[in-house]
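Written below as structure tokens is the structure these notes are about.
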Amino acid sequence: MTVARDLALEGYAVTVFDADPKAGGFMRTQVPRFRLPESVIDEECGFITALGVEFRGGTRIESLKGLIGQGWDAIFVGSGAPRGRDLDLPGRKEAAANIHLGIDWLASVSFQHIEKIGRRVIVLGGGNTAMDCCRSAKRLGGEDVKVIVRSGYDEMKASPWEKEDAQHEGIPFLNFHVPKTFEHDNGKLVAMTFELVRAEFDAKGRRTLVPTGESDVRVECDDVLIAVGQENSFPWIERDIGLEFDQWGLPVLDKASLQSTIKHVFFGGDAAFGPKNIIWAVAHGHEAAVSIDKFLNGEDVNERPPPMVNLTSQKMGIHEWSYDNEITRDERYVVPWAPKELTLTSIKVEVELGFDEKTACKEAARCLNCDVQTVFIKDACIECDACVDICPMDSISFTFNADEADLRKRLTAPALNLTQDLYVSENVKTGRVMVKDEDVCLHCGLCAERCPTGAWDMQKFLLQTTKAGDGCRSKSKLGAAA
Ligand SMILES: Cc1cc2nc3c(=O)[nH]c(=O)nc-3n(C[C@H](O)[C@H](O)[C@H](O)COP(=O)(O)OP(=O)(O)OC[C@H]3O[C@@H](n4cnc5c(N)ncnc54)[C@H](O)[C@@H]3O)c2cc1C
Ligand code: SF4
Ligand code: SF4
115 MTVARDLALE GYAVTVFDAD PKAGGFMRTQ VPRFRLPESV IDEECGFITA LGVEFRGGTR
175 IESLKGLIGQ GWDAIFVGSG APRGRDLDLP GRKEAAANIH LGIDWLASVS FQHIEKIGRR
235 VIVLGGGNTA MDCCRSAKRL GGEDVKVIVR SGYDEMKASP WEKEDAQHEG IPFLNFHVPK
295 TFEHDNGKLV AMTFELVRAE FDAKGRRTLV PTGESDVRVE CDDVLIAVGQ ENSFPWIERD
355 IGLEFDQWGL PVLDKASLQS TIKHVFFGGD AAFGPKNIIW AVAHGHEAAV SIDKFLNGED
415 VNERPPPMVN LTSQKMGIHE WSYDNEITRD ERYVVPWAPK ELTLTSIKVE VELGFDEKTA
475 CKEAARCLNC DVQTVFIKDA CIECDACVDI CPMDSISFTF NADEADLRKR LTAPALNLTQ
535 DLYVSENVKT GRVMVKDEDV CLHCGLCAER CPTGAWDMQK FLLQTTKAGD GCRSKSKLGA
595 AA
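Oh and the sequence shown: position 381 is 495 in the working numbering, straight run, nothing missing.
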């Protein structure tokens, strides 16, 4: 939909084929309604179709060869990573009726093909899909829903807030349980057994799960949801049409242009490099649209347009800035939830209520203005040390240059976070350098307020990626066209 949007705005005739009846992909079929109401997806996708994009829902493409044969000028493949990993354990086939692949089950819930689940539900897996599965099961009649996972709590792949949300809804996690068998009674699932393990780490920090030797654990259940991973799958792409795949079954692509080995076929989102997230897929969409626009204008898709970057001084007076530089030491505000008694009654009741206006303003006031940069103008500095004195974070030092390891120890406050770069200026007049530890800077602007010579300025940084259209085409071509 992102590619369609960018190209429709440039006047291209764009057709979207989707196997699902409505646009939105996994946002619609996987992300449960209690996290993302359908009205939001309808509105966002509606903005795009209103641009004149033709959306052909319920149209699964069964053959890329056939699609290419229809003569489209360019094709973008954004078919996602739609296959959930299975667990081939004893009893899997016999008890299949009550064992579901998490992502397929979530899609069926989203399409309202499934409206209830058994009373006792086991969710296998520790990622975000497992969290969506267990919370959905709880709303569809699962009274006793458990997440059972091989790893420890801290190593679970789910985001910390997703884990917290599930636990807030009363869902227990059983860690260090490795699934062993599905038990059934004449094909009716009755329980699962698990081997207990503990984590052992070698000198390089690599983890191995070692059996504890305790007896296996048997957990009774009516349904199991398997959420142990997700894979790419392209059964509809023929392997003899010149489109190369790598050893992981992913298309061979140029990382920047997203062009495949068939020059007018581009990929993006989960289909390109494996499952990730929505913003990643959208970013790919913008880049692929640039590639397609350049390709259709006979340009080299590898010549990528630079992003637009800009720095603007925020100074309005000696102590006046066009941004709010006051530091608020408030703790993070938690987004309020609707009461559990209400949210657990329906899959459609949104859980997060959002901030009210007053809290939103307080939360916004915590912003550290990381887009407003401290800019040091070395030639204006008279080395009076006033900025060093005023800085509340001891972020600034004037010292003689040295190896980074040595320099880090000799600053006003040692800079021990090696993941954060130091800014080291060229030599100032005494031959020393100004070193700034970006890790601790609050962007408060006190250094710039205090500096008697204007050697510090606070400048707002703007980065804007170039979208499809004139801006992404090479100047020489535009000149030639004119
Ligand atoms: C349970 C779950 C929860 C998630 N929650 C989040 C979250 O909270 N935040 C986040 O950022 N990400 C989340 N993700 C990940 C996110 O959904 C994906 O990374 C993102 O949707 C990928 O976008 P995409 O456009 O590449 O593919 P998709 O969203 O998967 O869209 C692919 C589309 O292609 C269509 N399609 C596939 N094959 C064909 C074919 N042959 N012919 C026609 N159409 C076809 C499908 O019908 C679908 O509409 C979640 C994923 C899962 C599984
Ligand atoms: S902006 Fe504030 S925290 Fe950052 S260097 Fe200047 S005085 Fe220190
Ligand atoms: S306050 Fe200004 S002039 Fe003084 S040391 Fe800092 S940057 Fe240099």
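Beta carbons: idealized from backbone N, C-alpha and C, even for Gly.
Check	Outcome
Nearest neighbour of Val423, chosen from Arg197, Thr579, Ser347, Leu215 [CA to CA]	Thr579
Counted within 10 angstroms of its Cβ, other Cβ atoms place Leu467 as buried (16 or more) or exposed	exposed
Glu309 (DSSP reduced to helix, strand or coil)	strand
Three-state class that DSSP yields for Lys523 in the structure shown	helix
8 Å Cβ cutoff met for Val311 and Ala582	no
Helix, strand or coil at Arg564 according to DSSP, with G and I counted as helix	helix
Contiguous alpha helix (DSSP H) assignments of at least 4 residues, all confined to the stretch 253-326	274-282
Nearest residue (CA-CA) to Lys574, options Glu518, Ala188, Lys294, Lys429	Lys429
Validate contact between the stretch 219-227 and the stretch 139-155 using beta carbons, cut 8 Å, 3 pairs	yes
Bounding residues of the alpha helix (DSSP H) (the contiguous stretch that carries Asp218)	216-224
Cβ shell of Leu178 (< 6 Å), same chain only, five flanking positions each side left out	Ile351
Where the alpha helix (DSSP H) containing Lys179 begins and where it ends	178-183
Rounded Cβ spacing between Ile461 and Leu215 (contact assumed at less than 8 Å)	With 8 Å as the limit, Ile461 and Leu215 do not qualify as a contact, their Cβ atoms being about 19 Å apart.
Where Asn541 falls: helix, strand or coil (DSSP)	coil
Cβ-heavy atom distance, Arg61 to ligand 1, below 7 Å	With the chain running from 115 to 596 in the structure shown, residue 61 is simply not present.
N-terminal and C-terminal residue of the alpha helix (DSSP H) that Glu157 is part of	152-163
Sub-8 Å separation of Val415 and Ile189 beta-carbons	no
Arg234 (DSSP reduced to helix, strand or coil)	strand
Per-residue DSSP class, three states only, for Arg427	In the sequence as presented, Arg is not what sits at residue 427; that position holds Ser. The answer is strand: DSSP assigns Ser427 an E or B state.
Buried versus exposed, by CB contacts within 10 Å (16 or more), Thr116	buried
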